[in-house]
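Notes for the one structure printed next.
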Amino acid sequence: MSLTGNSGPDPAPRIALFGSGQLAYALAGILPLFGEVITLGRAQADLRRPETLGAILDKVQPDIIFNAAAHTKIDQAETEPDLAMTVNGLAPAALANWARATGAKLIHFSTDYVFDGKKEGPYLETDTPNPLNVYGRSKLAGDEAIMGAGGECYIFRTSWLYSLYGHNFPKTILRLAQTRSSLEVVADQVGAPTSAEFLALAASWVVFQPRKAWGLYNLSASGAVSWHELARYLVQKALEMGQSLALKPE
Numbered sequence: 000m001s002l003t004g005n006s007g008p009d010p011a012p013r014i015a016l017f018g019s020g021q022l023a024y025a026l027a028g029i030l031p032l033f034g035e036v037i038t039l040g041r042a043q044a045d046l047r048r049p050e051t052l053g054a055i056l057d058k059v060q061p062d063i064i065f066n067a068a069a070h071t072k073i074d075q076a077e078t079e080p081d082l083a084m085t086v087n088g089l090a091p092a093a094l095a096n097w098a099r100a101t102g103a104k105l106i107h108f109s110t111d112y113v114f115d116g117k118k119e120g121p122y123l124e125t126d127t128p129n130p131l132n133v134y135g136r137s138k139l140a141g142d143e144a145i146m147g148a149g150g151e152c153y154i155f156r157t158s159w160l161y162s163l164y165g166h167n168f169p170k171t172i173l174r175l176a177q178t179r180s181s182l183e184v185v186a187d188q189v190g191a192p193t194s195a196e197f198l199a200l201a202a203s204w205v206v207f208q209p210r211k212a213w214g215l216y217n218l219s220a221s222g223a224v225s226w227h228e229l230a231r232y233l234v235q236k237a238l239e240m241g242q243s244l245a246l247k248p249e
């Protein structure tokens, strides 16, 4: 009840959600709890054409922008660096510039690939990026463009995303294990597998129950494992659950 004659609580924000992959799918299940969500997948918004994004946002007029869209095919980025830079660098810059000009808030998702992986232990937000491939360099360009735009933004750098939806390492390993008796998986790369659902929920909690200043944060699950250890774990658990696999752990 209002004793001052005010009309009541603020209306729910309009939220523009860019993306159609596993993180966007997870966010689409959570964000309607906080506001009116307008989903902008590839058919509605082509990040390969950053110059068109301003007009799209002019029509939607969001209060908050979630950008879960990216060029995430790491090996393919090496053969199409201009496209990776356009989608991962120039498109986020266009979103950030529109957000700054209109007062909208921008939430963007980035990657641990902006680092070189040489540090012992977890990376901190204050660590200096040193990407080793096109994908990492393109994502770093997007991060820097957003921070340079000067608006209210959160950038969440995460790692080794997985989900029941979309393409990811666990699903690939379990699919290959059904037909192959052996797999070669690298053991010298270590990271923190992070559920898309966890990332979507944690990011939403930060955005809508703000306890952190605007800026850049590392956000992933705790712990660490190598790709090889993760593959062995997935196969072992699948066998324990009664799945029939051609691949057996050593």
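For the sequence shown, numbering that gives the first Met the number 0 gives the first residue as 0, with consecutive numbering after it.
In this text, a Cβ means the ideal position worked out from N, Cα and C, and glycines have one as well.
Relative to Lys58, the option among Ala15, Ala144, Glu228 whose CA is nearest is Ala15.
The beta-carbon separation of Pro49 and Ala95, rounded to 11 angstroms, does not stay under the 8 angstroms limit for a contact. In this structure, Pro130 sits away from Trp159, with a CB-CB distance that is not shorter than 8 angstroms. Using a 10 angstroms sphere on the CB of Ala11, the tally of other CB atoms stays under 16, which defines it as exposed.
Burial is judged here by how many other beta carbons sit within 10 angstroms of a residue's own beta carbon; His107 has at least 16 and is buried.
The beta carbon of Val185 is closer than 8 angstroms to those of Ser225, Trp226, His227 in its chain, skipping five residues each way along the sequence. Secondary structure at Asn66: strand, using DSSP grouped into helix, strand and coil. Counted as a single uninterrupted DSSP element, the beta strand (DSSP E) harbouring Glu35 occupies residues 35 to 39. Residues Ile106 of the same chain have their beta carbon placed closer than 6 angstroms to that of Tyr153, with the five preceding and five following residues left out of the count.
Counting other Cβ atoms within 10 Å of its Cβ, Met240 stays below 16 and is therefore classed as exposed. Cβ-Cβ distances below 8 angstroms link Asp126 to Phe114, Lys118 in the same chain, with the five nearest sequence neighbours on each side left out; the list follows chain order.
Taken atom to atom, the span from the alpha-carbon of Arg210 to that of Gln43 is near 33 angstroms. Within a 10 Å sphere around the beta-carbon of Gln208 sit fewer than 16 other beta-carbons, which makes this residue exposed.
Taking a C-beta distance under 8 angstroms as the contact criterion, Ile73 and Asn132 qualify as a contact pair.
Here Asn87 is near Ser137, since their CB atoms are less than 8 angstroms apart. Apart from the 5 residues on each side of it in sequence, Trp97 sits with its Cβ closer than 6 angstroms to the Cβ of Gly53, Leu56 in its chain, given in chain order. Gln242 and Phe155 have their C-alpha atoms roughly 36 angstroms apart.
If you draw a straight line from the Cα of Leu229 to the Cα of Gln177, it comes to about 17 angstroms. Taken through DSSP and simplified to helix, strand or coil, Val184 comes out as coil. Residue environment analysis places Leu123 among the exposed positions, since fewer than 16 neighbouring C-beta atoms fall within 10 angstroms of its C-beta. Secondary structure of Leu16 (DSSP, three-state): strand. Its chain contains Glu151, Cys152, Tyr153 as the residues whose beta carbon lies nearer than 7 angstroms to that of Trp213, once the 5 sequence neighbours on both sides are disregarded; these appear in chain order. With contacts defined as CB atoms closer than 8 angstroms, Ser219 and Thr157 qualify as a contacting pair. Taken through DSSP and simplified to helix, strand or coil, His107 comes out as strand. Spanning the alpha carbons of Ala83 and Arg41 requires a straight line of approximately 15 angstroms. Contact annotation: Leu182 and Leu246 have beta-carbon atoms nearer than 8 angstroms.
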